[in-house]
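Undergrad: All the letters of the sequence shown, read from the start, carry residue numbers 229 to 650 under our numbering.
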Amino acid sequence: MDVSKREKIIWRIGELIEKNQEELAALESLNNGKTFREAVRGDIPPTADIFYYYSGWARKIHGETIPVDGNFLNYTLREPVGVVGMITAWNYPILLAAWKVAPALAAGCSMVLKPSELTPLTTFKLAEYCVEAGVPEGVINVVTGYGSTTGEAMARHMDIDKIAFTGSVRTARALMRAAGESNLKRLTLELGGKSPNIIFPDADLDRAVRAAYWGIFANKGEVCSAGSRLLVQENIYDEFVEKLAARARKMKVGDPLNPATEMGAQISQTQLDRILNYIQSGREEGAEIVCGGGRDVEGEKSKGYFVQPTVFRSVGPRMRIAQEEIFGPVLAALKFREADDAAEIANSTIDGLASAIWTRDIKIAHRLAQQIKAGSVWINAYNCFDSASPFGGYKQSGFGREMGPHALESYTQIKSVWVALD
229 MDVSKREKII
239 WRIGELIEKN
249 QEELAALESL
259 NNGKTFREAV
269 RGDIPPTADI
279 FYYYSGWARK
289 IHGETIPVDG
299 NFLNYTLREP
309 VGVVGMITAW
319 NYPILLAAWK
329 VAPALAAGCS
339 MVLKPSELTP
349 LTTFKLAEYC
359 VEAGVPEGVI
369 NVVTGYGSTT
379 GEAMARHMDI
389 DKIAFTGSVR
399 TARALMRAAG
409 ESNLKRLTLE
419 LGGKSPNIIF
429 PDADLDRAVR
439 AAYWGIFANK
449 GEVCSAGSRL
459 LVQENIYDEF
469 VEKLAARARK
479 MKVGDPLNPA
489 TEMGAQISQT
499 QLDRILNYIQ
509 SGREEGAEIV
519 CGGGRDVEGE
529 KSKGYFVQPT
539 VFRSVGPRMR
549 IAQEEIFGPV
559 LAALKFREAD
569 DAAEIANSTI
579 DGLASAIWTR
589 DIKIAHRLAQ
599 QIKAGSVWIN
609 AYNCFDSASP
619 FGGYKQSGFG
629 REMGPHALES
639 YTQIKSVWVA
649 LD
């Protein structure tokens, strides 16, 4: 296929997503439990945008000519990696699929896409749009099933050349073993996080409170980059935590299709139980609950997987709620004394996906940005994403990058061609 045609097809997929954004948002809400207003504003527009962005890359992937010794012409070709197996998570079903499908199409790859067994609906729609836009038969293939069966089979398949995965560390380890025991396929892994949100006294505190609030409670806390560790300088700790808790106490939890709802239901009974177990762990280890702290069973919510927005204070850095990803609306608030202390606490977990720094002192901000071991650092902001900017983790938050030109590197491989000129 000519690259100009591929470019137009990828752009057309973006148009179809944008045209059907309300239907997609409703499906995402029904399938996942997130609010419709979050999905229609925060999930579907960037899904369309990622296709618009990578459509332009279809004709910009190229090799280079390299000056070498001797009477030779040396040039490189950047070729598609081949067949890509894509395994996505249930928290942002269509968006996470788009992060993988769009660059793979731009690079000229074919793909086998497995959505989470909990949230397959919008992935089916995405595949329909790809066909409608003109993607040739056999280029995109959707399979369903559990990770332990379908995902394992994909990871071990000798004709799949790469796995792009979003999910848990445990599953990532299994995929790495399977890849190593089969054809040594390459992997891109976007895993969990325990992201620190660091607040200094000179910050715009009202703005920081709003960002901390949405940083943990957006999408019910089921966000890999959720700001689940709040690190507040000790002189403003009590004031800041109480301001945040006061706002959390007023949060509207309920029917995700109601436009007034701010937080919907957790994805499943399993996830609900996991979150409640972590809340109990926080209590047992001596942390103090400032707000929330249990299941929300008010009225009709007793029939769903609803959790009260929960804020813990008096949290020690080695407590489980400060070390392990909860993936729910549970915030652990810790104290720090000075910048180096904040960096030490921030780096004290096995994860390194994202972080944020709130201060007017740009020197401190830049110094901390270099000290923190995380793939994204936001300064006086939280959860900023753009199709052109790479996203991925340090440490056990994974490797490889989604979005931007960096993502294309993992969907292509370089061939060096030598031509003797004598």
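For every residue, glycine included, the Cβ atom is placed at its ideal position computed from N, Cα and C.
All values reported here derive from a predicted model rather than from experimental measurement.
What residue ranges within the segment 320 to 366 form continuous alpha helix (DSSP H) runs of no fewer than 4 residues, ordered along the chain?
TA: With a minimum length of 4 residues, the continuous alpha helix (DSSP H) runs that stay inside the segment 320 to 366 are 321 to 335, 349 to 361.
Undergrad: How many Å lie between Ala276 and Gly242 at the Cα?
TA: Cα-Cα distance, rounded: 4 Å.
Undergrad: Mind checking Phe300: buried by the 16 CB within 10 Å criterion, or exposed?
TA: Exposed is the call here.
Undergrad: Might you give, ordered along the chain, the residues of its own chain that have their beta carbon closer than 7 Å to the beta carbon of Arg565, omitting 5 neighbours on each side?
TA: If we look at Arg565 and ignore the five residues flanking it on each side, its Cβ neighbours are Glu462.
Undergrad: Which residues in the same chain have their Cβ closer than 8 Å to the Cβ of Asn655, if we skip the five residues on either side of it in sequence?
TA: Since the displayed the chain opens at 229 and closes at 650, residue 655 lies outside it and no answer follows.
Undergrad: Whole-angstrom Cβ separation of Leu415 and Ala407, contact assumed at under 8 Å?
TA: Yes, Leu415 and Ala407 are in contact; Cβ-Cβ is about 6 Å, under 8 Å.
Undergrad: Lys219 by DSSP, collapsed to three states: which one?
TA: The shown model of the chain, from 229 to 650, leaves out residue 219, and the question about it has no answer.
Undergrad: Would you call the segment 382 to 395 and the segment 585 to 597 in contact, with 3 or more CB pairs under 8 Å?
TA: These segments do not touch.
Undergrad: Using only the alpha-carbon positions, how far apart do Gly443 and Gly556 sit?
TA: Going by the C-alpha atoms only, they are around 11 Å apart.
Undergrad: Around the C-beta of Trp646, are 16 or more other C-beta atoms found within 10 angstroms, so that it is buried, or is it exposed?
TA: The residue is exposed, with fewer than 16 neighbouring Cβ atoms inside 10 Å.
Undergrad: Around the C-beta of Ala609, are 16 or more other C-beta atoms found within 10 angstroms, so that it is buried, or is it exposed?
TA: Answer is exposed; the Cβ neighbour count stays below 16.
Undergrad: Between Gly421, Gly310, Thr538, which lies nearest to Ile368 when the distance is taken from Cα to Cα?
TA: Taking only the C-alpha atoms, the option nearest Ile368 is Gly310.
Undergrad: Starting from the C-beta of Val605, find all residues in its chain whose C-beta is less than 6 Å away, skip the five residues before and the five after it, and write them out in chain order.
TA: These residues qualify, in order along the chain: Ser583, Ala597.
Undergrad: On the three-state DSSP scale, how would you describe Gly443?
TA: Gly443: helix per DSSP, three-state reduction.
Undergrad: Throw me the rounded Cβ distance for the Ser453 and Gly492 pair, which I believe falls under 8 Å.
TA: At roughly 19 Å, the Cβ-Cβ gap does not stay under 8 Å, so Ser453 and Gly492 are not in contact.
Undergrad: Would you decide whether Asn486 is buried or exposed? Buried here means 16 or more other CB atoms lie within 10 Å of its CB.
TA: Per the 10 Å Cβ criterion, exposed.
Undergrad: Report the residue from Pro308, Leu419, Ser456, Val460 whose alpha carbon sits nearest the alpha carbon of Gly628.
TA: Answer by Cα proximity: Leu419.
Undergrad: Taking all protein chains shown into account, decide if Leu305 is buried (16 or more other Cβ within 10 angstroms of its Cβ) or exposed.
TA: Leu305 should be labelled exposed.
Undergrad: Three or more C-beta pairs under 8 Å: does that hold for the segment 359 to 379 against the segment 339 to 347?
TA: Touching, yes, given that three or more Cβ pairs across the two stretches are closer than 8 Å.
Undergrad: Can you find the residues in the same chain that come closer than 6 Å, C-beta to C-beta, to Ala267, ignoring five residues on each side of it along the sequence?
TA: Cβ within range, chain order: Ala253, Glu256, Ser257.
Undergrad: Report all residues from its chain with a CB closer than 7 Å to the CB of Pro348; omit the five preceding and five following residues, and keep chain order.
TA: Same-chain partners within the cutoff: Thr372.
Undergrad: Does the structure place the segment 545 to 560 close enough to the segment 500 to 520 that three or more beta carbon pairs sit under 8 Å?
TA: Yes: the two stretches touch, three or more of their Cβ pairs being nearer than 8 Å.
Undergrad: As an exercise, report each continuous alpha helix (DSSP H) stretch of at least 4 residues that is fully enclosed by the segment 437 to 492, in chain order.
TA: As far as the segment 437 to 492 is concerned, its whole alpha helix (DSSP H) runs of at least 4 residues are 465 to 477.
Undergrad: Would you check if the distance between the CB atom of Phe279 and the CB atom of Ala317 is smaller than 8 Å?
TA: Not in contact: Phe279 and Ala317 (Cβ atoms no closer than 8 Å).
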